[in-house]
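*Asks:* Quick note on the UniProt record's numbering: the sequence shown kicks off at 1 and runs consecutively. Even glycine gets a Cβ: it sits at the ideal position worked out from N, Cα and C. This is the structure, below, for whatever I ask next.
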Amino acid sequence: MTFMEDLSSWKEKFETCVYAKKLLDKIEYLNTKVKNPVDIEKIKKGIYYARKYHGLQMRQSGDPYYSHPIEVTIMLAEFVAEEAPKLYNAIMLQAALLHDTIEDTELTEEMITAIFGLEVAKHVEGLTRVKPYGKISAEESLNLLVRQKRYDTVLIKFFDRMHNLQTLGAKSPEKMRKVIEESLISFVKIAMYIEVHEIKQQLIKLCYKNLGMDFNKPQIAFQDNFQLLSPIF
């Protein structure tokens, strides 16, 4: 079956699971709190394709891989519904659900465009570290998005990193150190730059927790040398 044939039958094939139910329940709740609710069917569609293409992939924690983009989407939805309601929309949430698919599965940018539209595909491509010229680091990917002023896509990347920090215990000590260092040096700095202070605090708190440090007794000083920006969101 081609992916276009699947496009006409995904609703019949959609099955809920504990992870999908958690997200769908969250969206139904948030929809009661916002001016412009999100179409639940579009979220189900994103879940279906994330689960279909990540398939049997597993995270080092032992959870199915597709649980990761679902958790990222939950955190993103909670944040934008409260702090940036213009970004509480199906495009952002579908992109969060699919954010690792181009990099880690057979789903391509062209296929995402055909299934979900150009805007979703552009977000996912922006979140993909594999570029035509080679694979770049998460830090390089983040900086590229900032240079392009794609701050909405940056938000998805923040919550991707946040969930990775929440589940960092499954990584090797060397990998943990690298992720924490990158988070404190690059992600926190960019969060300060675009003035998402709640995200900055959460990133620092998660890094401290992984280091076994007390967040309320900071031992790392951050210097904000950026000009204050107008609210981006």
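1) Measuring straight from C-alpha to C-alpha, what distance separates F116 and K175?
2) Please report the straight-line C-alpha distance between A81 and A95, rounded to a whole angstrom.
3) Can you name the residues that DSSP bridges to G134?
4) Since A84 contacts I27 with CB under 8 Å, what's their CB separation in whole angstroms?
5) In chain order, what residues of the same chain lie with their CB nearer than 6 Å to the CB of A90, ignoring the 5 residues before and after it?
6) Measuring alpha carbon to alpha carbon, tell me which of P69, E110, N36 ends up nearest L97.
7) Does the distance from the C-beta atom of L93 to that of G126 stay below 8 Å?
8) Can at least three beta-carbon pairs, one atom from the region 128-146 and one from the region 46-63, be found at a separation below 8 Å?
9) Which of the three DSSP states is assigned to F222 in this structure?
10) Do you know how far the Cα of E12 is from the Cα of N210?
11) Using the Cβ count rule (16 or more neighbours within 10 Å means buried), how would you classify V18?
12) Could you give the DSSP three-state label for P69: helix, strand or coil?
13) For V149, does the count of other Cβ atoms within 10 angstroms reach 16, so buried, or fall short, so exposed?
14) Expressed to the nearest angstrom, what Euclidean distance is found between the alpha-carbon atoms of K44 and L144?
*Replies:* Looking at the atomic coordinates:
1) Locating residue 116 in the sequence shown gives position 116, counting from the first residue. Locating residue 175 in the sequence shown gives position 175, counting from the first residue. Distance between the alpha carbons of F116 and K175 is about 34 Å.
2) Here residue 81 refers to the residue found at position 81 when the sequence shown is read from its first residue. Here residue 95 refers to the residue found at position 95 when the sequence shown is read from its first residue. One C-alpha to the other measures close to 16 Å.
3) By one-based count along the sequence shown, residue 134 stands at place 134. Its beta-bridge partners are K131.
4) For the purposes of this step, residue 84 is taken as the residue at position 84 of the sequence shown. For the purposes of this step, residue 27 is taken as the residue at position 27 of the sequence shown. Not confirmed; about 16 Å, so no contact.
5) By one-based count along the sequence shown, residue 90 stands at place 90. Correct list, in chain order: V38, D39, K42.
6) Taking the first residue of the sequence shown as 1, we reach residue 97 at position 97. Comparing Cα-Cα distances from L97 to each of P69, E110, N36, the minimum goes to P69.
7) Indexing the sequence shown from 1 puts residue 93 at position 93. Indexing the sequence shown from 1 puts residue 126 at position 126. In this structure, G126 does not lie closer than 8 Å to L93 by Cβ.
8) no
9) Along the sequence shown, read from residue 1 onward, the residue named residue 222 stands at position 222. Model confidence at F222 stands at a pLDDT of 47, short of 50, so the residue's coordinates are unreliable; what they give is reported in the following sentence. Note: F222 maps to coil in three-state DSSP.
10) By 1-based counting over the sequence shown, the position of residue 210 is 210. By 1-based counting over the sequence shown, the position of residue 12 is 12. Their Cα atoms are separated by approximately 42 Å.
11) As a position in the sequence shown, residue 18 is number 18, starting the count at 1. Exposed, since its Cβ has fewer than 16 Cβ neighbours within 10 Å.
12) Indexing the sequence shown from 1 puts residue 69 at position 69. Helix.
13) Within the sequence shown, numbered from 1, the residue matching residue 149 stands at position 149. Reading the sequence as shown, one finds Lys at residue 149 and not Val. It counts as exposed.
14) Taking the first residue of the sequence shown as 1, we reach residue 44 at position 44. Taking the first residue of the sequence shown as 1, we reach residue 144 at position 144. Distance between the alpha carbons of K44 and L144 is about 30 Å.
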